[in-house]
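Asks: In my numbering, the protein residues as written are 277 to 799. Beta carbons: idealized from backbone N, C-alpha and C, even for Gly. Keep in mind the model is a prediction, meaning the values are calculated, not measured. My questions will all concern the structure given below.
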């Protein structure tokens, strides 16, 4: 399964930065937990070695009696006293019954040190030592004595015992109990305690400070990077979008963000494209409104002139003026209808979901509508429909595509003389490596001047040959929006449309041809 962040540069960056900080903490914790364990184990090994040496000395110098030897408590204390035992260690001697018979902290040459309490102010009551909070907790002391007794009893079985426990004053200790043996007989136990465990832990914590600082630095750096790479650019995009919304700008333009090769750059490019398209659409609407105003003004001016003249003309002149009035009204009606269709085109394209459309079936149905239509110009399908058994499928909207082909056929019929035939051809072609379906609609009219092959697709272009001998080409019968609407629909479907002339022998023009090319789906 593909991870959601597999193709995300920012997603990978965020993941890596977070994992780096986490890895620093994990490595530091694992390394120093291992170090702590190693330090404690090393301390236990050191105490065990020292304890075995002292136990051997005591066994040699304080054992008496045969064949059942016993440990002489007095001699054992005398042997223990001159031994050099560091102040951080405490040695205790126990006899075979587990009774304490010697303690290095009770030696006569040792001076016990205690921190004095704060000086008492005048009139202040002196609290007992234990109630002042400086004496040992009875519960802790009892628990410590129980742990020591358990350790000694375990060592009396003839095995060295090491443990990490708490002293009577609440200090953590590393303790080693070594049995004092003569051959196989256990005569007593020597216990060595080291009270520097807290110091070891404190040193360990201090050693972790650099790792903690590094983890904090990584988190701060990652936060700063994320703020700079994500938060700030998105804030700039939001402000630019607000500027567009408040009409202070027509489009978002942030080149430094759009050039980025990540999701923020993709978002910036998408917003720039969207706002540029909206700006172009607004410009097109403004131009369309201006063109509409200009086109409507012409028939309205003609109507106003005719109405103003109508009252001044005699009855015979009024009769000649009435057809002009009817033409202007027809032209206005045609303009308003086509303008309404053009204004609704975008909404219709967005409202209907694209689906597969069989152009062969669609064109067959459309051509069938012209079998009995007036005008004297027939519409025929060329045999290419039957040469390919596979359907001519495109992805699009059937309604707008049908409107395109009806507009093109109506336009071709309007330019063809009575008795002529409009030919509709459907075939597969290739535009480079891209397979396309091509629809060609040919008429038998006068053709299109070469300089107007592109102009005919502009809005309100209605240049036609003089005379009304062509079917449906009477003045005012066309608004000049049909071909413009056709191009807009075809381009919305990813296709293209162009006009060309049909060449004949001797350079003659046999008529015009409109060619529509639409991409095949999934190819």
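Residue 687: buried (16+ other C-beta within 10 angstroms of its C-beta) or exposed?
Replies: Walking along the chain shown from the start, residue 687 turns up at place 411. Classification of residue 687: buried, given that the 10 Å Cβ count is 16 or more.
Asks: What is the DSSP secondary structure of residue 774, reduced to helix, strand or coil?
Replies: Residue mapping note: residue 774 aligns to position 498 of the chain shown, counting from 1. Residue state, collapsed to three classes: strand.
Asks: Apart from the five residues just before and just after residue 779, which ones in its own chain have a Cβ nearer than 8 Å to its Cβ?
Replies: Position 503 of the chain shown holds residue 779. Taken in chain order, the residues that qualify are 785, 786.
Asks: Roughly how many angstroms lie between the CA atoms of residue 586 and residue 607, to the nearest whole one?
Replies: One-based indexing of the chain shown puts residue 586 at position 310. One-based indexing of the chain shown puts residue 607 at position 331. Approximately 19 Å between the Cα atoms of the pair.
Asks: Which residue's Cα is closest to the Cα of residue 771: 707, 371, 317, 348?
Replies: Your numbering for residue 771 matches position 495 in the chain shown. Considering only alpha carbons, the answer is 707.
Asks: Going along the chain, which residues of its own chain have a beta-carbon closer than 7 Å to the beta-carbon of residue 548, five neighbours each way excluded?
Replies: Stepping through the chain shown from its first residue, residue 548 is reached at position 272. Answer for residue 548: 527, 528, 529, 534, listed in chain order.
Asks: Return the first residue and the last residue of the beta strand (DSSP E) that residue 458 is part of.
Replies: Within the chain shown, the letter at position 182 stands for residue 458. Note, residue 458: beta strand (DSSP E), 448-458.
Asks: Please name the residue, chosen from 691, 490, 677, 675, that lies closest to residue 302 on a Cα-to-Cα basis.
Replies: By 1-based counting over the chain shown, the position of residue 302 is 26. It is 490 whose Cα lies nearest to the Cα of residue 302.
Asks: Within the region 345-371, note down every full beta strand (DSSP E) run reaching 3 residues or more, in order along the chain.
Replies: Complete beta strand (DSSP E) runs here, min 3: 365-371.
Asks: Cutting at 6 Å between CB atoms, please list the residues of its own chain near residue 576, excluding the five before and the five after it.
Replies: Locating residue 576 in the chain shown gives position 300, where the first residue counts as 1. Answer for residue 576: no residue qualifies.
Asks: Distance check for residue 378 and residue 480, CA to CA, integer angstroms please.
Replies: Walking along the chain shown from the start, residue 480 turns up at place 204. Walking along the chain shown from the start, residue 378 turns up at place 102. Taking the straight line from one Cα to the other gives about 34 Å.
Asks: How would you label residue 641, buried or exposed, when you count the other beta carbons within 10 angstroms and need 16 or more for buried?
Replies: Stepping through the chain shown from its first residue, residue 641 is reached at position 365. So residue 641 counts as exposed.
Asks: Which residue or residues does DSSP assign as beta-bridge partners of residue 442?
Replies: The sequence position of residue 442 within the chain shown is 166, counting from 1. According to DSSP, residue 442 bridges with 448.
Asks: Bridge partners of residue 787, per DSSP?
Replies: Start at 1 with the first residue of the chain shown, and residue 787 comes out as number 511. Answer by DSSP bridge pairing, in chain order: 778.
Asks: Residue ranges of each alpha helix (DSSP H) run of no fewer than 4 residues wholly in the region 473-547, ordered along the chain?
Replies: Those alpha helix (DSSP H) runs which fall completely within the region 473-547 and span 4+ residues are 473-502, 508-521, 531-534.
Asks: Would you kindly report the start and end of the unbroken alpha helix (DSSP H) that includes residue 672?
Replies: Along the chain shown, one-based indexing puts residue 672 at 396. Premise fails: residue 672 lies in the beta strand (DSSP E), 669-672, not in any alpha helix (DSSP H).
Asks: Between which two residues does the alpha helix (DSSP H) containing residue 641 stretch?
Replies: Sequence index remark: in the chain shown, residue 641 carries index 365 (1-based). Residue 641 -> alpha helix (DSSP H) spans 635-644.
Asks: Going by C-alpha distance, which of 777, 731, 782 is nearest residue 760?
Replies: Residue numbering aside, residue 760 sits at position 484 when the chain shown is read from its first letter. Measuring from the Cα of residue 760, the nearest candidate turns out to be 731.
Asks: Please state the DSSP three-state secondary structure of residue 291.
Replies: Position 15 of the chain shown, counting from 1, holds the residue named residue 291. Residue state, collapsed to three classes: helix.
Asks: Hey, out of 322, 339, 333, 345, whose CA is closest to residue 883's CA?
Replies: Lying before the first or after the last residue shown, residue 883 is absent from the chain, which here runs from 277 to 799.
Asks: Quick check on the burial criterion: 16 or more other C-beta atoms within 10 angstroms. Buried or exposed for residue 404?
Replies: Residue mapping note: residue 404 aligns to position 128 of the chain shown, counting from 1. Here the model assigns residue 404 a pLDDT of 45, short of 50, so the residue's position is not dependable and the matter cannot be decided.
Asks: Identify which residue in 763, 613, 357, 471 has its Cα closest to the Cα of residue 337.
Replies: What you label residue 337 is simply residue 61 of the chain shown in a count that begins at 1. The residue with the shortest Cα to Cα distance from residue 337 is 357.
Asks: Is the Cβ-Cβ distance between residue 578 and residue 604 less than 9 Å?
Replies: Here the question's residue 578 lines up with position 302 in the chain shown. Here the question's residue 604 lines up with position 328 in the chain shown. Yes, the Cβ-Cβ distance between residue 578 and residue 604 is below 9 Å.
Asks: For the region 427-434 against the region 330-347, do three or more pairs of beta-carbon atoms, one drawn from each stretch, fall closer than 8 Å, so that the two count as touching?
Replies: Because the criterion of three Cβ pairs below 8 Å is not met, the region 427-434 and the region 330-347 do not touch.
Asks: Would you mind sorting residue 749 into buried or exposed? The rule is 16 or more other CB atoms within 10 Å of its CB.
Replies: If you number the chain shown from 1, residue 749 lands on position 473. Because residue 749 sits at a pLDDT of 46, beneath the cut-off of 50, its placement in the model cannot be relied upon, and the following sentence gives the value as read from the coordinates. It is buried - the Cβ of residue 749 has at least 16 other Cβ atoms within 10 Å.
Asks: Tell whether a beta-carbon distance below 9 Å holds between residue 327 and residue 424.
Replies: In the chain shown, counting from the first residue as 1, residue 327 sits at position 51. In the chain shown, counting from the first residue as 1, residue 424 sits at position 148. No, these two residues do not count as a Cβ contact at 9 Å.
Asks: Please state whether DSSP places residue 757 in a helix, a strand or coil.
Replies: Stepping through the chain shown from its first residue, residue 757 is reached at position 481. It is coil, neither helix nor strand.
Asks: Residues in its own chain within less than 6 Å of residue 793 by CB, not counting five upstream and five downstream?
Replies: Looking up residue 793 in the chain shown gives position 517. Counting only Cβ-Cβ distances below 6 Å, and skipping sequence neighbours, we find 712, 714, 771, 772.
Asks: Rounded to whole angstroms, what is the Cα-Cα separation between residue 373 and residue 347?
Replies: Position 97 of the chain shown, counted from the first residue, corresponds to residue 373. Position 71 of the chain shown, counted from the first residue, corresponds to residue 347. Roughly 11 Å between the two C-alpha positions.
Asks: Pull up the DSSP beta-bridge partners for residue 427, would you.
Replies: Translated into the one-based positions of the chain shown, residue 427 becomes position 151. None, per the DSSP bridge assignment.
Asks: Distance check for residue 796 and residue 710, CA to CA, integer angstroms please.
Replies: Along the chain shown, one-based indexing puts residue 710 at 434. Along the chain shown, one-based indexing puts residue 796 at 520. Cα to Cα, the separation comes out at about 8 Å.
Asks: Under 8 Å by Cβ, that's how I've got residue 436 and residue 454 pegged, so tell me the actual separation to the nearest angstrom.
Replies: Numbered from its first residue, the chain shown carries residue 436 at position 160. Numbered from its first residue, the chain shown carries residue 454 at position 178. Between residue 454 and residue 436 the Cβ distance is about 5 Å, and since that is below 8 Å, they are a contact.
Asks: Following the continuous beta strand (DSSP E) through residue 377, name the residue where it begins and the one where it ends.
Replies: Residue mapping note: residue 377 aligns to position 101 of the chain shown, counting from 1. Residues 376-379.
Asks: Nearest CA to the CA of residue 612: which residue from 569, 583, 600, 419?
Replies: What you label residue 612 is simply residue 336 of the chain shown in a count that begins at 1. When each option's Cα is compared against that of residue 612, the closest is 569.
Asks: Can you say whether residue 313 is buried or exposed, counting buried as having 16 or more other CB atoms within 10 angstroms of its CB?
Replies: The residue labelled residue 313 in the question sits at position 37 within the chain shown. Burial call: exposed.
Asks: Check for me: the beta strand (DSSP E) holding residue 713 runs from which residue to which?
Replies: The residue given as residue 713 occupies position 437 in the chain shown. Element bounds for residue 713: 710-718.
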